[in-house]
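The structure appears below as structure tokens.
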Amino acid sequence: MALVSSGDYERYYIHKGEVYAHIIDPKTLFPPRQFREVTILAKDSGKADAYSTALFIMSLEEGKEFIRQKDAEAMWVLADGTVEYSEGFRSYEKP
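Position one of the sequence shown corresponds to residue 7 (the working numbering), numbered consecutively onward.
What follows is the structure, given as structure tokens:
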């Protein structure tokens, strides 16, 4: 299994005191601000990488529906620090 994350905490730039993540929403042409991180667990690391970036741009509801249709699981860290999981993600955690 591959574990891949996309987030706003390592790749970013600062312009006039404002922090901008490296992931750009093609609809707004600005970085999304609803998540700090999206992590994907999947058998294929290439797909996991693509999914983590795609889900970073989607709303939480859209992302949950998207990942439900894939052979993968997801974890979202929201801007306020709240953590959300896809249906099967936590089954991979060690007790």
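Cβ atoms here follow ideal geometry from the backbone N, Cα and C, with glycine treated the same way.
No experiment lies behind these values; they were computed from the predicted model shown.
Cα atoms of L66 and Q75: separation of roughly 15 Å, rounded to the nearest angstrom.
Taking C-beta atoms as the reference points, V44 and W82 count as a pair closer than 7 Å. Under the criterion of beta carbons closer than 8 Å, V10 and A80 do not qualify as touching, at roughly 10 Å. The criterion of a C-beta distance shorter than 7 Å is satisfied by Y57 and A78. One Cα belongs to R96, the other to I73, and the distance between them is close to 14 Å. Judged by beta-carbon spacing, L61 lies beyond the 7 Å limit of G52, meaning their Cβ atoms are not closer than that value.
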